[in-house]
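Residue numbers (this note's numbering), protein chains in the order written: chain U, 331 to 846; chain E, 10 to 285; chain L, 559 to 871. We put the beta carbon where it would ideally sit given N, CA and C, even for glycine.
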Amino acid sequence: MRKFRNSRAFGFLAAGLVALTSVGVSSPVQAAEDTSKTSLTFSMFQDPGRLDVVTQPATSLILWLPGNVYEPLVSFDAEDKPSPAVAKSWSSSPDGKVWKFKIDTARKFSDGTSIKASDVVYSLNQFQNGSILAYKGPFANVSSIKATKKDEVTVTLAAKSRGFFRGMGTMAGLVMPASSDGKRNNQPIGSGPYKVAEYVPGSHLQFTYNNNYSGKKPRITSARVRFITDSPASLLALKAGEVDGLPITSTAIWSRIISEGYTKDFRRTLKPASGELHWLMFNQTQAPYNNPVFRTAIAQIVDRDAYVAGLGAPKGAMVPQCGWGIMTARTFKPATKDTCVIDRDGKKAMASLKAAGLDTFPIEFVGLTDVPALRLAADIITQQLRNAGLTVNRRDIPLAQYSSTIFNARPPQYGMSLMGGGGNLDDFVCKDPAKYGYQTYCSSAYTKLMQQADRATTDAAYLKAITSANELLQKDAVVVPLLARTGLGLYNKKLTGWKPPTIRVEVALANYYWTK
Amino acid sequence: MKTRDLPLNIWLGGTITVFFLLCSATALFWTPFDPNFVDTTKLSLGFGESGHLLGTDVIGRDLFSGLLAGARMSVFLGCVTAAISVVLGTIFAFIAVGISPWVDEVVMRLLDVLMAVPGVIVALVIATVTGPSAISTVSVLSVFFAPVIARVVRSATLPILNEDFVQSARMYGRGTFFVLFRHVLPNILSILVVQFSLYTANAVLAESGLSYLGVGISRPQISWGTLLKEAQETAGPTTGLMLWPATVILIFVLGLNLLGDGLRDVLDPRSMGRRS
Amino acid sequence: MIIFLARRFGFFVISVLATSGLIFLLVRLLGGSPASVLLGEFSTPEDVLALEKQLGLHRPLLVQYGEWMAELLRGDFGASFYSGIELTTLLKSALPVSVSLSVGALLVGLVIGIPFGIASALRSFQGKGSLVDFISQIGIALPIFWSGAVLSIIFGVSLGWFPTGGWVPWSDAPATTLRHLVLPSVTLGIGIGSVLARFVRTAIVEVMRQDFVRTGRAFGMSVQQSLFVVGLRNAALPVVTVLGNIVSHLVGGTVLTETLFSMPGLSRMILGAVVGRDIFVVQNLVVLLVFYVLVVNLIVDVSYYLLDKRLRI
Numbered sequence: 331m332r333k334f335r336n337s338r339a340f341g342f343l344a345a346g347l348v349a350l351t352s353v354g355v356s357s358p359v360q361a362a363e364d365t366s367k368t369s370l371t372f373s374m375f376q377d378p379g380r381l382d383v384v385t386q387p388a389t390s391l392i393l394w395l396p397g398n399v400y401e402p403l404v405s406f407d408a409e410d411k412p413s414p415a416v417a418k419s420w421s422s423s424p425d426g427k428v429w430k431f432k433i434d435t436a437r438k439f440s441d442g443t444s445i446k447a448s449d450v451v452y453s454l455n456q457f458q459n460g461s462i463l464a465y466k467g468p469f470a471n472v473s474s475i476k477a478t479k480k481d482e483v484t485v486t487l488a489a490k491s492r493g494f495f496r497g498m499g500t501m502a503g504l505v506m507p508a509s510s511d512g513k514r515n516n517q518p519i520g521s522g523p524y525k526v527a528e529y530v531p532g533s534h535l536q537f538t539y540n541n542n543y544s545g546k547k548p549r550i551t552s553a554r555v556r557f558i559t560d561s562p563a564s565l566l567a568l569k570a571g572e573v574d575g576l577p578i579t580s581t582a583i584w585s586r587i588i589s590e591g592y593t594k595d596f597r598r599t600l601k602p603a604s605g606e607l608h609w610l611m612f613n614q615t616q617a618p619y620n621n622p623v624f625r626t627a628i629a630q631i632v633d634r635d636a637y638v639a640g641l642g643a644p645k646g647a648m649v650p651q652c653g654w655g656i657m658t659a660r661t662f663k664p665a666t667k668d669t670c671v672i673d674r675d676g677k678k679a680m681a682s683l684k685a686a687g688l689d690t691f692p693i694e695f696v697g698l699t700d701v702p703a704l705r706l707a708a709d710i711i712t713q714q715l716r717n718a719g720l721t722v723n724r725r726d727i728p729l730a731q732y733s734s735t736i737f738n739a740r741p742p743q744y745g746m747s748l749m750g751g752g753g754n755l756d757d758f759v760c761k762d763p764a765k766y767g768y769q770t771y772c773s774s775a776y777t778k779l780m781q782q783a784d785r786a787t788t789d790a791a792y793l794k795a796i797t798s799a800n801e802l803l804q805k806d807a808v809v810v811p812l813l814a815r816t817g818l819g820l821y822n823k824k825l826t827g828w829k830p831p832t833i834r835v836e837v838a839l840a841n842y843y844w845t846k
Numbered sequence: 010m011k012t013r014d015l016p017l018n019i020w021l022g023g024t025i026t027v028f029f030l031l032c033s034a035t036a037l038f039w040t041p042f043d044p045n046f047v048d049t050t051k052l053s054l055g056f057g058e059s060g061h062l063l064g065t066d067v068i069g070r071d072l073f074s075g076l077l078a079g080a081r082m083s084v085f086l087g088c089v090t091a092a093i094s095v096v097l098g099t100i101f102a103f104i105a106v107g108i109s110p111w112v113d114e115v116v117m118r119l120l121d122v123l124m125a126v127p128g129v130i131v132a133l134v135i136a137t138v139t140g141p142s143a144i145s146t147v148s149v150l151s152v153f154f155a156p157v158i159a160r161v162v163r164s165a166t167l168p169i170l171n172e173d174f175v176q177s178a179r180m181y182g183r184g185t186f187f188v189l190f191r192h193v194l195p196n197i198l199s200i201l202v203v204q205f206s207l208y209t210a211n212a213v214l215a216e217s218g219l220s221y222l223g224v225g226i227s228r229p230q231i232s233w234g235t236l237l238k239e240a241q242e243t244a245g246p247t248t249g250l251m252l253w254p255a256t257v258i259l260i261f262v263l264g265l266n267l268l269g270d271g272l273r274d275v276l277d278p279r280s281m282g283r284r285s
Numbered sequence: 559m560i561i562f563l564a565r566r567f568g569f570f571v572i573s574v575l576a577t578s579g580l581i582f583l584l585v586r587l588l589g590g591s592p593a594s595v596l597l598g599e600f601s602t603p604e605d606v607l608a609l610e611k612q613l614g615l616h617r618p619l620l621v622q623y624g625e626w627m628a629e630l631l632r633g634d635f636g637a638s639f640y641s642g643i644e645l646t647t648l649l650k651s652a653l654p655v656s657v658s659l660s661v662g663a664l665l666v667g668l669v670i671g672i673p674f675g676i677a678s679a680l681r682s683f684q685g686k687g688s689l690v691d692f693i694s695q696i697g698i699a700l701p702i703f704w705s706g707a708v709l710s711i712i713f714g715v716s717l718g719w720f721p722t723g724g725w726v727p728w729s730d731a732p733a734t735t736l737r738h739l740v741l742p743s744v745t746l747g748i749g750i751g752s753v754l755a756r757f758v759r760t761a762i763v764e765v766m767r768q769d770f771v772r773t774g775r776a777f778g779m780s781v782q783q784s785l786f787v788v789g790l791r792n793a794a795l796p797v798v799t800v801l802g803n804i805v806s807h808l809v810g811g812t813v814l815t816e817t818l819f820s821m822p823g824l825s826r827m828i829l830g831a832v833v834g835r836d837i838f839v840v841q842n843l844v845v846l847l848v849f850y851v852l853v854v855n856l857i858v859d860v861s862y863y864l865l866d867k868r869l870r871i
């Protein structure tokens with residue numbers, strides 16, 4: 331008996347000592363860099379399939395190639411301040427209609443050739459004439475792009491455009507050699523710090539340091555991105571140490587990340603710039619989805635807080651919102667009575683639907699069969715609509731078909747759908763009323779506001795214009811934004827250095843380094 | 010035969026089967042919760058929490074209700090598939106046996122080819138083309154079970170056809186198919202019952218597998234396989250969400266197999282008299 | 559002998575043509591044209607028509623079939639409609655996974671099946687045996703998702719001995735790959751082992767029957783000779799059935815096991831294509847699998863026949 335009591339006492343004493351000492355060293359010490367480790371392995375839940383950034387808009391590609399393999403014409407930081415990249419200097423005419431970019435011809439592509447003005451012209455033309463609408467946006471007012479000297483590119487605009495210059499720091503501004511024409515699906519060549527050493531579809535993407543890189547040599551010189559399409563399996567791989575990090579995780583496993591303690595053993599990063607927006611979309615070529623009363627009622631029924639709760643996200647990773655745009659958008663505001671144009675009011679919604687005779691209309695809701703995260707999200711919204719008394723018919727189709735229908739600017743044939751994406755205000759700009767995009771919305775008032783924004787001379791004027799445009803979207807519930815979520819990444823605690831993406835959502839490998 | 014002489018197989022198998030049939034029947038009218046009801050305030054609950062007997066899934070749907078609804082679907086699909094397979098198999102066998110030896114050879118070879126191909130594979134092709142559904146699942150499975158049943162029926166039919174009473178019926182001018190249906194069928198009924206039981210088990214297992222892979226039943230319809238698939242995608246295969254449906258499938262399939270084997274022992278033709 | 563081989567090979571060719579023809583027809587005639595399957599429910603009739611022309615689907619069926627067969631024989635398995643990646647490239651990384659799993663499962667099956675079968679045969683000989691029989695019956699009926707989940711929970715999560723999913727290529731870290739293979743191989747191997755156990759049991763029981771010795775002796779053989787020669791020939795009879803069974807079990811079981819343990823093998827490829835309605839990928843992969851199954855059956859049949867011939871006095 332006595333032995334037991336003594337050992338218990340000793341236990342308490344020991345615990346006390348440990349507590350005291352840990353308090354003493356509780357302040358976080360900056361870990362020393364481990365220069366001997368120069369490689370890392372990441373996991374990605376999607377295989378890009380084709381490596382050509384001009385034709386392949388998949389997230390799985392734009393996470394890895396911009397910033398690592400390619401450099402933009404101009405580099406912008408998180409505060410939108412420009413700095414030289416492929417263009418070492420630039421100037422614009424007083425009326426903003428003529429831009430001249432001086433190309434840094436000392437820079438080389440990974441194949442050893444130096445960058446010429448003609449390469450820049452080639453690259454800009456590729457995106458301008460390409461099939462991805464989001465990349466064409468910056469060129470909306472561009473009337474000509476010419477190589478006026480061996481190291482100078484002159485761009486002439488029909489009207490001044492903020493979007494153009496800022497666009498030179500996004501995907502549309504990535505520079506590639508003219509000689510890469512037709513070869514980019516397998517051999518992307520750029521001037522960035524890394525080159526694609528190997529791409530094995532279904533297995534991995536291997537990056538190695540680009541010896542011809544003109545900037546500072548990164549600490550990581552070899553990086554492998556393994557495609558682990560099964561999200562639960564990627565968590566296991568991280569736990570087992572088979573990968574060093576999951577820069578992007580599917581929301582389907584977010585609740586597991588918390589409940590299984592991954593946030594304790596691994597460094598968690600929340601990256602608003604890598605996040606996306608969730609919203610409800612309507613097919614406004616059909617009745618009653620083209621009826622603002624109907625859409626407004628839907629907007630009043632959805633319970634954003636319950637939606638966020640149902641998705642089981644870690645704190646701060648998902649924020650309910652009523653406006654359009656991801657967390658880093660300048661017009662972003664969390665949902666409150668003051669920030670939402672349409673407030674939550676289920677009773678009023680059903681009353682107005684009844685009055686319009688639309689309360690029994692069977693809603694055609696299309697979801698995705700093979701993206702569990704979005705399918706579950708759609709299940710939650712469907713339930714909310716049903717709880718309110720509406721009839722909802724769910725139809726789920728595969729992602730490949732959903733994308734090919736939606737993004738090839740065909741009129742969609744669903745009634746309602748839930749989408750996740752980048753939340754660009756440009757998505758609703760519609761110059762030709764007959765040619766609206768997949769959002770099936772075309773408003774000249776909106777387009778005018780966005781043009782105003784693009785030509786604004788002061789920051790305040792710009793902000794005012796886009797805020798008005800945002801409110802216009804909400805007014806008739808053209809779309810019903812639900813939430814903004816961050817990108818949630820998990821990393822080995824010894825691996826650090828990530829910085830917010832600036833081009834689009836890229837994971838810039840050059841920022842990472844190992845600590846001891 | 011006295012009831013207490015019945016082997017353990019039938020007792021155990023029968024009890025399990027009856028239990029599941031009762032659950033399915035109950036599920037036709039009532040489940041504790043709507044299995045498709047998403048309750049975002051009750052995510053991933055555990056055993057017995059908040060009135061959910063077996064807990065909930067990642068978006069708050071009751072697991073126990075899901076299992077009951079799954080029983081409804083799986084039992085139904087299993088029985089229908091087995092019934093179609095037995096009927097088809099018997100028809101194939103009768104055609105083979107009843108027309109001519111040449112037809113017999115051809116039909117059996119055809120069935121051999123069908124049997125050589127794993128059914129899962131063709132099920133996948135059909136699911137791609139028509140889209141996954143209950144009907145495509147049932148049809149594919151029936152087509153793949155039928156050949157094996159046909160073999161069994163055929164080998165049971167042949168000796169009967171050589172029996173005296175059959176020969177005498179033939180001498181009276183009775184056509185072959187009349188003979189088959191009037192004389193052979195009643196005598197192989199017991200075999201058909203056994204096959205029905207065993208193939209319900211196979212069908213339940215196969216349908217669960219197909220739905221698990223994503224090419225069978227999907228919400229709002231629920232089968233046990235659907236629950237497995239959702240567990241795999243969200244909570245992971247090492248959680249209760251996976252284990253409960255899997256165990257339920259295991260027990261039901263085992264019960265049906267035991268019942269089938271037990272029936273086979275009891276209804277063995279050697280111990281039964283023949284009707285002519 | 560030549561006649562048998564010719565007949566058997568003829569049957570093989572007919573089987574290949576028949577099943578590939580069946581799949582070809584299923585793809586083209588069930589549920590609308592392949593073009594509408596690829597483009598999905600929300601496609602317009604004009605789009606479908608355009609794609610049909612592009613893919614040459616308006617040509618006579620026989621022509622399409624012939625062209626398809628020629629492509630397959632050339633080794634051209636086509637590409638994914640959506641990503642454009644060629645199948646042969648994807649197969650390079652997927653095949654090692656599936657093959658490793660099949661081999662692992664077979665090994666486990668042998669290790670479980672043979673001792674179990676022998677034990678069962680001996681027991682039945684001694685008049686007992688229902689327990690071992692019962693166990694092997696359960697083994698066959700065990701759903702893979704159940705045994706896999708249970709094994710993962712016990713050995714993967716609780717004890718932490720093996721990873722519960724995922725894959726590392728052999729070229730990266732062979733030791734880790736082996737660890738990844740253990741749980742899936744055992745899961746799949748249990749079913750195979752049970753099937754094998756039954757066969758082994760039947761085979762041994764037959765061999766041990768005295769009649770064979772008497773028959774052999776009547777032919778002038780010694781006890782050992784007769785046991786071996788006559789007995790083996792009869793024991794070899796169930797080989798065809800059981801191997802066919804095992805191959806079927808393997809193909810179907812691999813699909814489930816790869817899904818359960820998140821292994822990026824052939825099944826993952828096929829399933830991805832099925833769910834994405836990538837019809838031609840499914841068509842080609844399925845035909846590949848069917849061909850493999852038919853080839854195995856052919857080899858088994860011929861081997862058995864040759865074995866049988868050699869054993870005949």
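Which residues bound the beta strand (DSSP E) around residue i?
i      : result
U/W609 : 597-612
U/A553 : 552-557
L/A608 : Taken as a continuous stretch (DSSP letters only), L/A608 belongs to no beta strand (DSSP E), being part of the alpha helix (DSSP H) at 603-613.
So the alpha helix (DSSP H) residue i belongs to, where does it begin and stop?
i      : result
U/K684 : 676-686
U/I433 : U/I433 -> not in any alpha helix (DSSP H); beta strand (DSSP E) instead, spanning 428-433.
Hey, is residue i's beta-carbon within less than 9 Å of any beta-carbon in chain U?
i      : result
E/P229 : yes
E/A215 : no
L/S825 : no
E/E242 : yes
Name the chain E residues whose beta carbon is nearer than 8 Å to that of residue i?
i      : result
L/N855 : A125
Can you tell me the Cβ-Cβ gap for residue i and residue j, rounded? I've got them flagged as a contact below 8 Å.
i      : j      : result
U/A603 : U/P830 : 4 Å
U/A708 : U/G697 : 4 Å
L/P727 : U/S533 : 7 Å
Could you tell me which chain L residues have their CB closer than 8 Å to the CB of residue i, listed as they occur along the chain?
i      : result
E/L236 : Under the 8 Å cutoff, chain L gives no residues; its nearest Cβ is about 11 Å from E/L236.
Using a C-beta to C-beta distance shorter than 9 Å, which residues of chain L count as neighbours of residue i?
i      : result
U/D700 : G830, V833, G834
Determine, using beta carbons only, whether residue i comes closer than 9 Å to chain L.
i      : result
E/Y308 : Outside the displayed range of chain E (10 to 285) lies residue 308 of chain E, so it cannot be described from this structure.
E/V147 : no
E/P110 : no
Find the residues of chain U that neighbour residue i, judging by a C-beta separation of less than 8 Å, and give them in chain order.
i     : result
E/S53 : S585, S589, G642
Could you tell me whether any Cβ in chain E is nearer than 9 Å to the Cβ of residue i?
i      : result
L/G662 : no
U/A567 : no
For the stretch 22-85 of chain E, which segments carrying the alpha helix (DSSP H) assignment without a break, of at least 4 residues, lie completely within its bounds, in sequence order? none
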